[in-house]
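Shown next, in structure tokens, is the structure this report addresses.
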Amino acid sequence: MHALIRPALLVASLAGACTLLFAAAGQAIPVAQWNWMDIAGEGGTALLAALWCLIVLSSRPDGRVTRLLAGGLACIMLGSWADCLDEMIDIERGAVWDNALESLLPLGMLVLTAGLVYWRHEQATLTDHMRKRERLFRSHRPFDRITQLADAAYLRQQLSLEARREHQAGCVLVLFDIDAFHRINREHGHAEGDRVLQAVAHMLLLNLRNEDLLCRYAGDRFAVLMPGLGEAEARDAARHLCHMVTSMRHHAAGRRVALTLRYG
């Protein structure tokens, strides 16, 4: 509920300022002359755009996509609301500010379109990330609670599938262990240990191919199934993964925690 307060105040302030501007600069049109169809259409558009703007601002983290989506919807809201107020308040013809407010409607559509384009790129990145997690499987399966990766049971299922496939080009299973993980748990607590597991899992995912499968095997051990690779290629890939984890700058209690992996 608290996440809605600031966006709601912002949207209400914009609509209120627009209303006050019209009230101060124009003359009220008699109710008998109001075009109720236009008022319902334009007012309804403004109301829905305001609602969508609230949903975007309250449900997404701040960033370029959020600002474009919310900004476009806010412009659509203001442009539609200005059109609606024109049906109830008579403004002097040629008023520049009135025309500027009404022109926010097409501008808002352009900004919203740009936001949707960037949102599409964002979704493509997330889909690719999830594809690496799921290895193109979207069925219900066992998963690890901490890392949200497949667990050892799912790995065994996939190993069985790989073994039964015909014309298999090769498949390598690599196991990774976090060095001195028990010390991290002892010195910083199990909650910090869970954060380390999540960070390492994320880094490994970012550096795997789409067809690779990453699982949390047990404890601080991760397993990567690499179909289509020979032993030498898998060894090079494993070295790269270890290097990327070592280059991470993980911090706990204000100081850096060095993370290293070993593979076998």
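The sequence shown lines up with residues 4 to 267 when you count with the working numbering.
Note that beta-carbon positions come from the ideal geometry of N, C-alpha and C, so glycine has one too.
Just the C-alpha distance for residue i and residue j, rounded to the nearest angstrom, thanks.
{"i": "Phe-225", "j": "Ala-85", "result": "58 Å"}
{"i": "Asp-239", "j": "Leu-50", "result": "57 Å"}
{"i": "Phe-140", "j": "Ala-156", "result": "Low confidence applies to Phe-140: its pLDDT is 47, below 50, so where it sits in the model is not reliable enough to give any reading."}
{"i": "Ala-166", "j": "Tyr-220", "result": "19 Å"}
{"i": "Ala-35", "j": "Asn-102", "result": "25 Å"}
{"i": "Leu-158", "j": "Asp-223", "result": "16 Å"}
{"i": "Ala-15", "j": "Ala-204", "result": "43 Å"}
{"i": "Cys-218", "j": "Leu-264", "result": "15 Å"}
{"i": "Asp-131", "j": "Leu-72", "result": "22 Å"}
{"i": "Gly-173", "j": "His-254", "result": "39 Å"}
{"i": "Ala-256", "j": "Phe-25", "result": "55 Å"}
{"i": "Val-114", "j": "Gly-74", "result": "7 Å"}
{"i": "Asp-96", "j": "Leu-209", "result": "A small correction: the amino acid at residue 96 is Arg; Asp does not occupy that position in the sequence shown. Rounded to the nearest angstrom, the two C-alpha atoms are 58 Å apart."}
{"i": "Asp-89", "j": "Ser-61", "result": "30 Å"}
{"i": "Asp-41", "j": "Leu-207", "result": "56 Å"}
{"i": "Arg-9", "j": "Ala-52", "result": "17 Å"}
Is residue i helix, strand or coil by DSSP?
{"i": "Leu-232", "result": "coil"}
{"i": "Asp-41", "result": "helix"}
{"i": "Asp-182", "result": "coil"}
{"i": "Ala-221", "result": "strand"}
{"i": "Leu-152", "result": "coil"}
{"i": "Asp-215", "result": "coil"}
{"i": "Glu-165", "result": "helix"}
{"i": "Asp-86", "result": "helix"}
{"i": "Asp-3", "result": "A question about residue 3 goes unanswered here, because the residues of the chain that appear run from 4 up to 267."}
{"i": "Ala-26", "result": "helix"}
{"i": "Leu-176", "result": "strand"}
{"i": "Leu-264", "result": "strand"}
{"i": "Arg-258", "result": "strand"}
{"i": "Ala-202", "result": "helix"}
{"i": "Ala-98", "result": "coil"}
Beta-carbon within less than 6 Å of residue i's beta-carbon, same chain only, minus the 5 sequence neighbours each way: which residues are those?
{"i": "Gln-30", "result": "Asp-93"}
Under a Cβ-count criterion, where at least 16 other Cβ atoms within 10 Å of its own Cβ denotes burial, should residue i be classed as buried or exposed?
{"i": "Glu-45", "result": "buried"}
{"i": "Ile-83", "result": "The question names Ile, but residue 83 in the sequence shown is Ser. Burial call: buried."}
{"i": "Gln-126", "result": "exposed"}
{"i": "Leu-54", "result": "exposed"}
{"i": "Pro-230", "result": "buried"}
{"i": "Gly-111", "result": "buried"}
Which residues in the same chain as residue i place their Cβ atom closer than 8 Å to its Cβ, once the five residues preceding and following it in sequence are excluded?
{"i": "Leu-107", "result": "Cys-78, Ile-79, Leu-81, Gly-82 and Ala-85"}
If I measure Cβ to Cβ from residue i and keep anything under 7 Å in the same chain, skipping five residues before and after, which residues do I get?
{"i": "Leu-152", "result": "Arg-136, Phe-146, Ala-204, Leu-217, Cys-218 and Arg-219"}
{"i": "His-143", "result": "Note that His-143 scores 48 on pLDDT, short of 50, meaning its location in the model is unreliable and no value can be drawn from it."}
Could you tell me whether the region 229 to 236 touches the region 190 to 198, using the rule of 3 or more Cβ pairs below 8 Å?
Output reads no: the region 190 to 198 does not touch the region 229 to 236.
Check your understanding: Should the region 63 to 72 be called in touch with the region 10 to 28, which here means at least 3 C-beta pairs below 8 Å?
Key -> The region 63 to 72 vs the region 10 to 28: no contact.
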